[in-house]
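Numbering (the numbering used here), first residue to last: 25 to 533.
Glycine included, every Cβ here is placed at the ideal spot set by N, Cα and C.
Here is the structure we will look at, set down as structure tokens.
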Amino acid sequence: MSNVRTRFAPSPTGGLHLGGVRTALFSYLYAKKHKGQFVLRIEDTDQNRYVEGAEQYIIDCLTWCGIAPDEGPHVEGGEHHPYRQSERKETYKQYAQQLVDAGHAYYAFDTQEELEAKRAEVKLHNEHGTFQYDSTNRLHLNNSLRLTSDEVAKLINEGVPYVIRIKMPENELITFQDMIRGEISNESSLVDDKVLLKADGMPTYHLAVVVDDYLMKITHAFRGEEWLPSAPVHIKLWEYLGWKNEMPQWAHLPLILKPDGNGKLSKRDGDRLGFPVFAMNWTDPKTNELATGFKELGFLPEAFINLLAMLGWSSGEEKELFSKEELIQLFSMDRVHKGGAKFDFEKAKWFNHEWIKHQSAELLLNDVKAILVKHHVEITSDEALCSIISLVKDRCTLLGDFYTQCVYFYESPKSIEIEAIQPKWNEDKKNFFVKIQSLFNDVSDWNMNEIETCFKHLATEMNIKVGELQLPFRVMLVGGKFGPGVFQIAEMIGKENTIARINTTLNLL
Ligand code: GLU
């Protein structure tokens, strides 16, 4: 085991977005590539956004994707329990206090109303200006930098609510090396004195993420580029807490973009364009609204992580299909893209189709069986179902397609696409199908070769092109113009069924 430790640190607020899964995936791949550990930490300090069930859901999604964490709230063992930030309150408080004592943070008693008034005042003078709590005004606000220590003690004793804010430096260039973007610098004056500890005693994300990355010995932290603006605050915290040398290396991943237009792919884009953006089904516990996930839509986890890996990383080769093991082997930071990648649902389905083709029938068996059983198809032999899967899997894009592609092996088609036969139907063809029934009846060894020979023999005798007979034959057996070789199908459904289905369709024509 190496000392590489990465983490996925989601907030349990709802469905797990593609972008989140990709962050988890890259963290996982990086850790595994370096024989390190992948940690799950639940960032649930914002009680207003907490959603019941979301934590278990996140764990289920990671497990389904095959990237289960080595440590986390749900894993026994692990040196850093609790992995849920809401259970680490005391720790953050202690570090917040340490920062105040060292003069790097301060108590702020400003009420919401007071801050609102400040914002309004700034707007009044400059319509585009925004109020920022920082070195230019902190000495005029209601905090422990301006008040005397007696005044502060009095306020605290009286139970007046306060927050703890970081004291950001004036005019400092704050620089770090991002694993993807290289050197990134920010002017400290552009960053406000962020709240570290809230009035309810809960830390904000800024304090909690730094404290936990330190205590959990995280060496590499992957997160979406939307978190870049927070980096200067975090860097100062690492420094102020005396941990600068242990700061993890950061990688800010590019956004996954909507297919049309600009900007981050959102749940709304998915709804609008008709594709999922969550890994698995998510039901909002408040509204009961169900958002379909890639899993339930019929994606294989192998395909899902493959397509996510390719959204933001390339192997350097033409090849696009990679198993998880190959991804672990090949993953390298220098081929992670700097720019965002547009999500393309057609391409996503292509990955799934390729993976279904690639997967063995034995590995697909349970999924396909579940789909058929859901439709009340009775499966008696796994072996027979495996043969059927092998025959039809090249024709499936989503797992659900296996229903249409398999059901006719078990049941007579519920409906027959007569329109596909009718235009070219005639007396000769009708006679052919009348005669073939008794000839089929006499075939003693019912296998595709015998069936084909018998079929072609009669066609030649009656002077009808075989090609013109195969289509109606197929429609009779499966109900439409699809499926693998028609003689193969006839062999598999058996003599009686083949004859019965011909007869049924003749009665409809
Ligand atoms: N809790 C943040 C999130 O929800 C974590 C960001 C980070 O990894 O630093 O994505």
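Spatial neighbours of residue i within its chain, please: CB distance less than 7 angstroms, with the 5 preceding and 5 following residues excluded, ordered by chain position.
i: Gln156; result: Asp216
i: Glu270; result: Tyr238
i: Gly294; result: Pro300, Val301
i: Ala223; result: Pro185, Tyr186, Val187
Which same chain residues, not among the five before or five after residue i, have their C-beta less than 8 angstroms away from its C-beta?
i: Ala524; result: Ser436
i: Asn305; result: Leu314, Ala315, Thr316, Gly317, Lys319, Glu320
i: Val257; result: Ile190, Met192, Val215, Lys218, His230
i: Lys381; result: Lys417, Asp418
Taking residue i as part of the beta strand (DSSP E), name the residues at either end of that continuous run.
i: Ile204; result: Segment: none, Ile204 is in no beta strand (DSSP E) and carries neither H nor E.
i: Val219; result: 219-221
i: Phe62; result: 61-64
i: Gln71; result: Element bounds for Gln71: n/a, residue is neither H nor E.
i: Phe32; result: 29-32
i: Ala514; result: No beta strand (DSSP E) holds Ala514; the alpha helix (DSSP H) holding it covers 510-517.
i: Trp274; result: 273-277
i: Ala129; result: 129-132
Given the structure, does residue i come close to the ligand GLU, in the sense that its CB is under 7 angstroms from one of the ligand's heavy atoms?
i: Ser290; result: no
i: Trp251; result: yes
i: Ser110; result: no
i: Pro278; result: no
i: Arg46; result: no
i: Tyr229; result: yes
i: Phe29; result: Reading off the sequence shown, one finds Arg at residue 29, where the question assumed Phe. Incorrect: Arg29 has no Cβ contact closer than 7 angstroms to the ligand GLU.
i: Ser356; result: no
i: Ala524; result: no
i: Ser35; result: yes
i: Glu79; result: no
i: Val301; result: no
i: Glu67; result: yes
i: Arg247; result: yes
i: Pro233; result: With the sequence shown as reference, residue 233 is identified as Val, and Pro is not the correct amino acid for it. For the ligand GLU, at least one heavy atom lies less than 7 angstroms from the Cβ of Val233.
In terms of residues, what are the limits of the alpha helix (DSSP H) holding residue i?
i: Gln80; result: 78-89
i: Tyr427; result: 425-434
i: Tyr116; result: 113-125
i: Thr477; result: 472-486
i: His149; result: 136-149
i: Tyr52; result: 42-57
i: Gln461; result: 451-466
i: Gln494; result: 490-502
When burial is assigned at 16 or more other CB atoms within 10 Å of the CB, is residue i buried or exposed?
i: Ile442; result: exposed
i: Asp452; result: exposed
i: Arg29; result: buried
i: Glu140; result: exposed
i: Leu501; result: buried
i: Pro36; result: buried
i: Ala232; result: buried
i: Asp236; result: buried
i: Gly127; result: exposed
i: Pro106; result: exposed
i: Gly39; result: buried
i: Ser462; result: exposed
i: Arg46; result: buried
i: Met240; result: buried
i: Thr503; result: Note on residue identity: the sequence assigns Gly, not Thr, to residue 503. When all chains shown are included, Gly503 counts as buried.
i: Glu67; result: buried
i: Gln71; result: exposed
i: Glu95; result: buried
i: Ala177; result: exposed
i: Ser468; result: exposed
i: Gly363; result: exposed
i: Lys448; result: exposed
i: Met516; result: buried
i: Asn560; result: Residue 560 falls outside the range modelled here, since the chain spans only 25 to 533, and no answer is possible.
i: Lys348; result: buried
Residues in its own chain within less than 6 angstroms of residue i by CB, not counting five upstream and five downstream?
i: Ala327; result: Phe375, Asn376, Trp379
i: Ala275; result: Met203, Ile204, Phe246
i: Ala444; result: Val499, Lys505
i: Leu179; result: Phe133
i: Ser338; result: Arg359
i: Phe346; result: Asn330
i: Ser414; result: Ala385
i: Glu474; result: Val467
i: Phe50; result: Phe246
At 3 residues or longer, what runs of the beta strand (DSSP E) sit wholly inside the stretch 344-410? none
Ranges of the beta strand (DSSP E) found wholly within the stretch 173-259, counting only runs of at least 3: Correct list: 187-190, 197-202, 206-211, 219-221, 244-248.
Threshold first: 4 residues or longer. Then list the alpha helix (DSSP H) segments lying entirely within the stretch 292-325, N to C. 318-321
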